[in-house]
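Peer 1:
Number of protein chains: 2
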Amino acid sequence: MSEKAFQEYYPDQLSHCYGCGRLNENGLHIQSYWDREESVCRFQPKPYHIAIPGYVYGGLIASLIDCHCTGTAAAASYRAEGRAMGTEPALRFVTASLHVDYLRPTPLGVPIEVRASVKEIKGRKVAMAATLSADGVVCARGEVVAVRMPEHLVTE
Amino acid sequence: MSEKAFQEYYPDQLSHCYGCGRLNENGLHIQSYWDREESVCRFQPKPYHIAIPGYVYGGLIASLIDCHCTGTAAAASYRAEGRAMGTEPALRFVTASLHVDYLRPTPLGVPIEVRASVKEIKGRKVAMAATLSADGVVCARGEVVAVRMPEHLVTE
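Protein chains in written order, with the numbering used here: chain U, -10 to 145; chain F, -10 to 145.
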């Protein structure tokens, strides 16, 4: 894994996201890294991120998949353009669609791992597939299509 | 709209959900009501529920659609069985799949309204379609399949 998370390269004005913004004091601070061709995110839910006793809240699962994949879209686009992350113009993505299949309840208390792989980069869109695991068991699968943000939102 | 939210009928042991549990002190306290054949949820995001400046975090949007629909699944199942909400055995649902299409950025600062309608009740599954609006403009569409929880989880 690289040493610096994808999200640490986001420009300050795009680092307020509740899910992954390093400048959001109330946020989740989701962080994503390369692990060869996949991206990986590890996250420890808080005790209050509960659905029913013993299990992780599904909305948190959706959030982890979402932010991890928009981060992956940015990192993959830098890679595809042969550019170092953080170089200008900044590449930042928003979610066009999110699909999550909850395969089994996700146990609360153990670290969560989300892994994503890029299925396709086409124009401004990046399609990705993700798995979310707890204790090595896949508990949810996700599909995300992210779209590159318009330049005026990235630079303002 | 009815006076008491669907989620207020959940048994105590199933009222800890980060999204909609009335007993979760850190949670979102999502509340859902009938409005004729549709269900409706109104929610005021906090300033820190931000994606990029001026817009609502997509993971919150997914969470609102998710919990509103599992609540709707419970309420619709009581209706379908001709039972009053809250009567035993309790009907409580978890999410099997969640799909969200983000149609446009959702402005932060105004109240959000989520509306859901039941597409099908089949066995233990309820399929629903939802819209999420801000200032009367639909910003996201959702599709949720919820599954009735096993009895041992509802009564333990």
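In this text, a Cβ means the ideal position worked out from N, Cα and C, and glycines have one as well. Please read these numbers as outputs of a predicted model, since none were measured by experiment.
Using Cβ-Cβ distances below 9 Å, what residues of the segment 94 to 122 of chain U are close to chain F?
Peer 2: Pro94
Peer 1: Indicate whether the contact test is met: 3 or more Cβ pairs, each with one atom in the segment 80 to 100 of chain F and one in the segment 4 to 23 of chain F, closer than 8 Å.
Peer 2: no
Peer 1: By how many angstroms is the C-alpha of Arg25/U removed from the C-alpha of Asp124/F?
Peer 2: 44 Å
Peer 1: Can you give the Cα-Cα distance for Glu140/U and Ala64/U, rounded to whole angstroms?
Peer 2: 17 Å
Peer 1: Would you kindly work out how many angstroms separate the C-alpha atoms of Tyr91/U and Ala79/U, rounded to a whole number?
Peer 2: 33 Å
Peer 1: Taking 8 Å as the cut-off, decide whether the C-beta atoms of Ala135/U and Ala62/U are in contact.
Peer 2: yes
Peer 1: Based on the DSSP secondary-structure assignment, which residues constitute the bridge partners of Arg130/F?
Peer 2: Asp90/F and Thr120/F
Peer 1: Output yes if chain F places a C-beta closer than 8 Å to the C-beta of Asp1/U; else output no.
Peer 2: no
Peer 1: Using a C-beta cutoff of 8 Å, does Val56/F count as contacting chain U?
Peer 2: For the sequence presented, residue 56/F should be read as Cys rather than Val. Chain U contact via Cβ: present.
Peer 1: Distance, Cα to Cα, Asn13/F vs Tyr44/F?
Peer 2: 26 Å
Peer 1: Using CA coordinates, which residue listed in Thr59/F, Gly10/F and Glu(-3)/F is at the minimum distance from Arg104/F?
Peer 2: Thr59/F
Peer 1: Report yes or no: is there a C-beta of chain F within less than 8 Å of the C-beta of Thr186/U?
Peer 2: With chain U covering -10 to 145 only, the question about residue 186/U has no answer from this structure.
Peer 1: In chain F, which residues lie less than 7 Å from Gly8/U when you measure between Cβ atoms?
Peer 2: Tyr46 and Gly48
Peer 1: To the nearest angstrom, how far is the alpha carbon of Phe(-5)/U from that of Tyr22/U?
Peer 2: In this structure, the CA atom of Phe(-5)/U is about 6 Å from the CA atom of Tyr22/U.
Peer 1: For Glu102/U, which residues of its own chain have a beta-carbon under 6 Å away from its beta-carbon, when the five flanking residues on both sides are left out?
Peer 2: Hits under 6 Å: Arg31 and Ser122.
Peer 1: Go ahead and pull the three-state DSSP assignment for Ala79/F.
Peer 2: coil
Peer 1: Taking the Cβ atom as the reference point for each residue, do Gly8/F and Gly48/U lie within a distance shorter than 8 Å?
Peer 2: yes
Peer 1: Since Ser4/F sits in a beta bridge, which residues does DSSP pair it with?
Peer 2: According to DSSP, which records beta bridges pairwise, Ser4/F is partnered with nothing at all.
Peer 1: For Tyr91/F, which residues in chain U fall below 8 Å Cβ to Cβ?
Peer 2: Val83, Thr84, Ala85, Ser86 and Leu87
Peer 1: Using CA atoms only, rank isn't needed, just tell me which of Gly10/F, Asp55/F, Ala129/F and His5/F is closest to Ala85/U.
Peer 2: Ala129/F
Peer 1: Determine, for Ser21/F, whether the minimum Cβ-Cβ distance to residues of chain U falls below 8 Å.
Peer 2: no
Peer 1: Under 6 Å Cβ to Cβ from Thr120/U, same chain only, skipping five residues before and after it: list those, please.
Peer 2: Arg104, Val127 and Arg130
Peer 1: Using only CA atoms, which one of Gly10/F, Ala69/F, Asp55/F and Tyr37/F lies nearest to Ile110/F?
Peer 2: If we check each option's Cα against that of Ile110/F, Ala69/F comes out closest.
Peer 1: In three-state terms, what does DSSP make of Ala105/F?
Peer 2: strand
Peer 1: Throw me the rounded Cβ distance for the Ile41/F and Leu87/F pair, which I believe falls under 8 Å.
Peer 2: About 23 Å; that fails the 8 Å criterion.
Peer 1: For Phe82/F, which residues in the same chain have their Cβ closer than 7 Å to its Cβ, ignoring the five residues on either side in sequence?
Peer 2: Thr59, Ala62, Ala63, Val115, Ala135, Val136, Arg137 and Met138
Peer 1: I'd like the list of long-range same chain contacts for Ser28/F, defined as Cβ closer than 6 Å, with 5 residues on each side in sequence excluded.
Peer 2: Ser21, Thr61 and Ala105
Peer 1: So Gly75/F and Tyr(-2)/F are supposed to be a Cβ contact under 8 Å. How far apart are they, rounded?
Peer 2: 4 Å
Peer 1: Excluding sequence positions up to five away, which residues of its chain have a Cβ less than 6 Å from the Cβ of Gln2/F?
Peer 2: none
Peer 1: Can you look up Ala(-6)/F in the DSSP assignment and give me helix, strand or coil?
Peer 2: coil
Peer 1: On the criterion of 16 or more Cβ atoms from any shown chain inside 10 Å, does Tyr73/F qualify as buried, or is it exposed?
Peer 2: For clarity, residue 73/F is Ala in the given sequence; the question names Tyr instead. Ala73/F should be labelled exposed.
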